[in-house]
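*Asks:* Numbering (our numbering), first residue to last: 307 to 539.
So that we are looking at the same thing, I have put the structure below in C-alpha cells.
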Amino acid sequence: MKLNSTVLLTLILLTLMLGAGSVSAFWGFTLGSSALKGVTTPDGRPTTKFTSSKSSNSQAGSLVLLREEEILKIVKARIEGKTKAAKSEKLEEDEEETNNSKNKPEEKPPEVEQEKPQQGFPVTAENKGVTFAVQSARYSGGDLLLKVKMQNKGADSVRFLYSFLDVTDDKGRTLSASTEGLPAELPANGPTFSGTVSIPTALLDDVKKISLSLTDYPAQQLKLEVSNIPVEK
Numbered sequence: 307m308k309l310n311s312t313v314l315l316t317l318i319l320l321t322l323m324l325g326a327g328s329v330s331a332f333w334g335f336t337l338g339s340s341a342l343k344g345v346t347t348p349d350g351r352p353t354t355k356f357t358s359s360k361s362s363n364s365q366a367g368s369l370v371l372l373r374e375e376e377i378l379k380i381v382k383a384r385i386e387g388k389t390k391a392a393k394s395e396k397l398e399e400d401e402e403e404t405n406n407s408k409n410k411p412e413e414k415p416p417e418v419e420q421e422k423p424q425q426g427f428p429v430t431a432e433n434k435g436v437t438f439a440v441q442s443a444r445y446s447g448g449d450l451l452l453k454v455k456m457q458n459k460g461a462d463s464v465r466f467l468y469s470f471l472d473v474t475d476d477k478g479r480t481l482s483a484s485t486e487g488l489p490a491e492l493p494a495n496g497p498t499f500s501g502t503v504s505i506p507t508a509l510l511d512d513v514k515k516i517s518l519s520l521t522d523y524p525a526q527q528l529k530l531e532v533s534n535i536p537v538e539k
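This is the structure:
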C-alpha cells in the first residue's frame, strides 16, 4: 500500500516534536541539577540549633555571666557616686551664692515719689453719694488735661453719658471737650475711678477758670457741678 503524502508529513512532524521535547527536557534537567549543586535542605530541628549554637559559642569563647548580687552592687555604687557628686556641686553653688550675697550691698527699694497736690486742687462736687473731683490741670500736646476721679458711695448704681458733659469758661462760653478712662457706670459702694478730660488749648487763650457739669443718664436726677477750676497758663 502506498502511504499518503499528508499522513507521512504528519508522522514526520510528530517525530520531530517528540525528539525536540525530549532534548529540551533533558537539557533543562541538566541545567537545574548543576545550579542546585551544594544546596542542602535546612535543618529545622530545635535540638540541632541549640547544639550548633553551643558549639559556636564554645568555639568563639566562653561567656562569663555575672551574678545578680554583683550587678546590684555595681548599680548601687554608681548611683551613690552620682548622688554624692550632685550634692557636692549643690553645696558649692550654695556657698558661692552665699558669698555673693554677702559681698553685694543691700539694695534699698526705690522710693515712690508721691505726686504733690497742685495749688488750688482738688476741686470737688458731690451729690447723692456720688463724688466728682478734678485733681490737677496741665497743658500737654495742645490740650488742657484735667485729671478726674469719680466714686459712688450711694446705694444705687449710676450711669453717665459723657457726651452730655458741659464745659464752660469764666465768660460763660461753652467749650468742647473729650473724656478718656471714665466709666459708663459707677457701681454702688464701688471703688474710685480715674480718667481724663481734654480741652483744646486754642479755646483757652484768655480763660482763667472753667466749670464742669455732668448729669446721670437717662434719669437726669443727679447733677454734679465743679466750678472755678483754675486753668491759667
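In this text, a Cβ means the ideal position worked out from N, Cα and C, and glycines have one as well.
Report the partner residues of residue 439 according to the DSSP bridge assignment.
*Replies:* The residue labelled residue 439 in the question sits at position 133 within the sequence shown. For residue 439, which the question treats as bridged, DSSP gives the partners 430 and 455.
*Asks:* According to DSSP, is residue 417 part of a helix, a strand, or is it coil?
*Replies:* As a working note, residue 417 is residue 111 in the sequence shown. With a pLDDT of 45 at residue 417, under the threshold of 50, the predicted position of this residue should be treated as unreliable, though the coordinate-derived value follows. The answer is coil: DSSP assigns residue 417 none of H, G, I, E or B.
*Asks:* If you count every other CB in all the chains shown that lies within 10 Å of the CB of residue 453, and 16 or more means buried, which is it?
*Replies:* One-based indexing of the sequence shown puts residue 453 at position 147. So residue 453 ends up on the buried side.
*Asks:* Does residue 503 pass the burial test, meaning 16 or more other C-beta atoms within 10 Å, or should it be called exposed?
*Replies:* Translated into positions along the sequence shown, residue 503 becomes position 197. Classification of residue 503: buried, given that the 10 Å Cβ count is 16 or more.
*Asks:* Excluding the five sequence neighbours on either side, which residues of its own chain have a C-beta within less than 7 Å of the C-beta of residue 442, listed in chain order?
*Replies:* As a position in the sequence shown, residue 442 is number 136, starting the count at 1. Cβ neighbours of residue 442 beyond the five flanking positions: 424, 427 and 453.
*Asks:* Taking all protein chains shown into account, do 16 or more other C-beta atoms lie within 10 angstroms of the C-beta of residue 400, making it buried, or fewer, making it exposed?
*Replies:* Looking up residue 400 in the sequence shown gives position 94. Classification for residue 400: exposed.
*Asks:* Find out if the Cβ-Cβ distance for the pair residue 530, residue 436 is shorter than 8 Å.
*Replies:* Numbered from 1 along the sequence shown, position 224 holds the residue referred to as residue 530. Numbered from 1 along the sequence shown, position 130 holds the residue referred to as residue 436. Going by C-beta atoms, residue 530 is nearer than 8 Å to residue 436.
*Asks:* Is residue 484 helix, strand or coil by DSSP?
*Replies:* The residue labelled residue 484 in the question sits at position 178 within the sequence shown. The answer is strand: DSSP assigns residue 484 an E or B state.
*Asks:* Roughly how many angstroms lie between the CA atoms of residue 540 and residue 386, to the nearest whole one?
*Replies:* The structure shown does not extend to residue 540, since the chain is modelled only from 307 through 539, so no value can be given for it.
*Asks:* For residue 513, which residues of its own chain have a beta-carbon under 7 Å away from its beta-carbon, when the five flanking residues on both sides are left out?
*Replies:* Here residue 513 refers to the residue found at position 207 when the sequence shown is read from its first residue. Closer than 7 Å at the Cβ level, and outside the excluded window around residue 513, lie 475, 476 and 537.
*Asks:* Which same chain residues end up closer than 6 Å to residue 327 when comparing Cβ atoms and leaving out the 5 residues on each side of it in sequence?
*Replies:* Along the sequence shown, one-based indexing puts residue 327 at 21. Closer than 6 Å at Cβ, skipping near neighbours: no residue.
*Asks:* Would residue 473 and residue 467 qualify as a contact pair, given that the criterion is a beta-carbon distance under 8 Å?
*Replies:* Translated into the one-based positions of the sequence shown, residue 473 becomes position 167. Translated into the one-based positions of the sequence shown, residue 467 becomes position 161. Going by C-beta atoms, residue 473 is not nearer than 8 Å to residue 467.
*Asks:* Would you kindly check if the distance between the Cβ of residue 433 and the Cβ of residue 459 is under 8 Å?
*Replies:* As a first step, residue 459 must be located in the sequence shown, where it is residue number 153. As a first step, residue 433 must be located in the sequence shown, where it is residue number 127. Taking 8 Å as the Cβ cut-off, residue 459 and residue 433 do not qualify as a contacting pair.
*Asks:* Residue 455 and residue 498 look like a contact to me (Cβ under 8 Å); what is the Cβ gap, rounded to whole Å?
*Replies:* For this step, residue 455 is matched to residue 149 along the sequence shown. For this step, residue 498 is matched to residue 192 along the sequence shown. Yes, they are in contact, since the Cβ atoms of residue 455 and residue 498 sit about 5 Å apart, within 8 Å.
*Asks:* For residue 529, which residues does DSSP report across the bridge?
*Replies:* Here residue 529 is taken as the residue at index 223 of the sequence shown, counted from 1. According to DSSP, which records beta bridges pairwise, residue 529 is partnered with 521.
*Asks:* Quick check: the Cα distance between residue 518 and residue 451, rounded to an integer number of angstroms?
*Replies:* Here residue 518 is taken as the residue at index 212 of the sequence shown, counted from 1. Here residue 451 is taken as the residue at index 145 of the sequence shown, counted from 1. The alpha-carbon atoms of residue 518 and residue 451 are separated by roughly 13 Å.
*Asks:* Excluding the 5 residues preceding and the 5 following residue 488 in the sequence, name in chain order all residues of the same chain whose CB lies nearer than 7 Å to its CB.
*Replies:* Walking along the sequence shown from the start, residue 488 turns up at place 182. So the list reads 454, 456, 468, 499 and 501, once near-sequence residues are dropped.
*Asks:* Below 8 Å between beta carbons: does that hold for residue 505 and residue 449?
*Replies:* Start at 1 with the first residue of the sequence shown, and residue 505 comes out as number 199. Start at 1 with the first residue of the sequence shown, and residue 449 comes out as number 143. Yes, the Cβ-Cβ distance between residue 505 and residue 449 is below 8 Å.
*Asks:* What span of residues does the beta strand (DSSP E) with residue 478 cover, start to end?
*Replies:* Position 172 of the sequence shown, counting from 1, holds the residue named residue 478. No beta strand (DSSP E) holds residue 478; DSSP gives it neither H nor E.
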